[in-house]
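Colleague: Residue numbers (my numbering): 49 to 427.
All C-beta atoms, glycine included, are put in the ideal place defined by N, C-alpha and C.
The structure presented is a predicted model; accordingly, all values stated were derived computationally and were not measured.
Here you go, one structure.
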C-alpha cells in the first residue's frame with residue numbers, strides 16, 4: 049500500500065480569509081480521517097491474514113511430519129511444501145513490512161491530525177478575531193457615515209456664512225457710500241448753518257442799531273415834547289403848523305420803524321426756521337454717522353444741544369420792547385387837539401440850554417408788559 053502524506057497548509061494571517069481557511073482545513077481533516085479509518089481496517093485485515101497463514105503453516109508442518117513418518121518417499125513434496133513455506137514467510141514478512149508502513153502512516157496521520165486540530169483552533173481564533181474586526185469595522189463605518197453627514201452640515205453652514213459675508217460686505221460698501229454722502233451733506237448743512245448763524249448775527253447787530261435809533265428818537269421826541277409843553281406853559285402859545293409838521297415827521301418815522309421792525313421780524317422768523325431745520329438735519333446726520341452703540345444720547349443732552357444752538361439775544365422780547373417804546377413815544381408826542389386861532393406864532397429858535405439837552409439823547413424807561421417775558425428755551 050502506498051504512503052500518501054498530505055502537505056501541511058500554512059495558516060493565513062488575513063482575518064478576512066479565516067472562514068475559507070477553516071472550511072479547507074475541516075475538509076482536509078475529514079478526508080484524512082477517512083483515509084486513516086481505511087488504513088486501520090487494512091491493517092486489521094493484514095494482521096488477520098498473517099495469523100491465518102501462520103496457523104496454516106503450523107498445520108502443514110504437522111501434516112508433513114506425520115506424512116514423513118508414514119511415507120518416507122514424500123521428500124519431494126516436503127521440499128515443495130518448504131518452498132511454499134518460504135514463500136509464505138516472505139509474504140508474511142512483506143505483510144509485516146506493510147503493517148509497519150501502515151503503522152507509520154497511521155502515526156503520521158495522527159501527527160497531521162494534531163497539526164490540523166491546531167490549525168482548526170488557530171482558524172477558530174481567526175474567525176473570532178475576524179468577527180471582532182467586523183464589529184469594529186461596522187462601528188468605524190457608522191462613525192464615518194456620521195462624519196460625512198456632519199461634514200455636509202458644516203459645508204452647508206460654511207456656504208451660508210460665506211453668502212452672509214458677501215451680503216454684509218455689499219451692505220458695508222453701500223453703507224460706506226451712504227456715509228460718505230451723508231458726510232458731504234452734513235458738511236454742506238454745517239456750512240449753511242454757519243452762514244445762517246452769521247446772517248442772524250448781522251440781523252441782531254442791525255436790530256441793536258435800530259433799537260438804539262428808536263431809543264434815541266423816542267428820547268428826542270420826549271425832550272421836544274417836554275420843551276414844547278414848557279414853552280406852552282411859559283408863553284401860552286404853540287405854533288400849530290410847527291406842531292403838525294413834527295407830528296407828521298414823527299408819524300412817518302414811526303411808520304418807517306414799524307416797517308423795518310416787521311421786515312426784521314419776518315427775516316428773524318425765517319432765520320429761526322432755517323436754523324431749526326439745519327440743527328435737526330445736523331442732529332440726524334451726526335446720529336446716522338455715529339454708531340448707535342458708541343454714543344448714547346439722553347433727553348438732557350438733546351436739551352443742552354438745543355440750548356447751545358439757540359444762543360443769542362431774545363429776539364422776540366427785543367422786538368416787543370421796541371414796539372412798546374415806539375407806541376409810548378407816539379402816545380407821548382401826540383398832544384390834545386387845539387384850535388389854530390388860540391395858538392400864537394411858533395418860536396423859531398430855542399435857547400442854548402434846550403439845544404444842548406436835545407443834542408444829548410437819554411434813555412426813556414418804558415414799563416414792561418406781561419407778554420414781554422418769553423422763555424429763552426422756546427426762542
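Is it buried or exposed, residue 185, if we count other Cβ atoms within 10 angstroms and call 16 or more buried?
Modeller: Its Cβ having fewer than 16 others within 10 Å, residue 185 is exposed.
Colleague: With residue 310 and residue 237 assumed to form a contact (beta carbons below 8 Å), what rounded beta-carbon distance in angstroms separates them?
Modeller: Actually they are not in contact, since the Cβ atoms of residue 310 and residue 237 sit about 29 Å apart, beyond 8 Å.
Colleague: Label residue 326 either buried or exposed according to how many other C-beta atoms from any shown protein chain fall within 10 Å of its C-beta, with 16 as the threshold for buried.
Modeller: Residue 326 comes out buried.
Colleague: Restricting to Cα atoms, I'd like to know which of 157, 111, 99 is closest to residue 137.
Modeller: When only C-alpha atoms are compared, the closest one is 99.
Colleague: Looking at C-beta atoms only, is the number of pairs between the segment 313-323 and the segment 245-254 that lie closer than 8 Å three or more?
Modeller: Judged by Cβ distances under 8 Å, the segment 313-323 makes contact with the segment 245-254, as three or more pairs qualify.
Colleague: Ignore the nearest five residues each way along the sequence and tell me which others in residue 91's own chain have a CB closer than 8 Å to its CB.
Modeller: The residues are 147, 150, 151, 154.
Colleague: To the nearest angstrom, how far is it from the Cα of residue 243 to the Cα of residue 269?
Modeller: Near 38 Å, if we compare the C-alpha coordinates of residue 269 and residue 243.
Colleague: Please classify residue 85 as buried or exposed, where buried requires at least 16 neighbouring CB atoms within 10 angstroms.
Modeller: When all chains shown are included, residue 85 counts as exposed.
Colleague: For the segment 204-223 against the segment 93-112, do three or more pairs of beta-carbon atoms, one drawn from each stretch, fall closer than 8 Å, so that the two count as touching?
Modeller: In short, these stretches do not touch, since the Cβ pair count stays below three.
Colleague: Do residue 134 and residue 73 count as a contact pair if the criterion is CB distance below 7 Å?
Modeller: The answer is no: Cβ separation not under 7 Å.
Colleague: Would you mind working out which of 263, 97, 255, 214 sits nearest residue 139, comparing C-alpha positions?
Modeller: Among 263, 97, 255, 214, the Cα nearest to that of residue 139 belongs to 97.
Colleague: By the three-class DSSP mapping on this structure, what secondary structure does residue 68 have?
Modeller: Correct three-state label for residue 68: helix.
Colleague: Report the rounded CA-to-CA distance for residue 227 versus residue 213, giving the unit in angstroms.
Modeller: Cα-Cα distance, rounded: 20 Å.
Colleague: Assign residue 68 to one of two classes, buried (16 or more other C-beta atoms within 10 Å of its C-beta) or exposed (fewer than that).
Modeller: With fewer than 16 Cβ atoms within 10 Å of its Cβ, residue 68 is classed as exposed.
Colleague: Quick one, are the C-beta atoms of residue 80 and residue 190 less than 7 Å apart?
Modeller: No, Cβ-Cβ distance for residue 80 and residue 190 is not below 7 Å.
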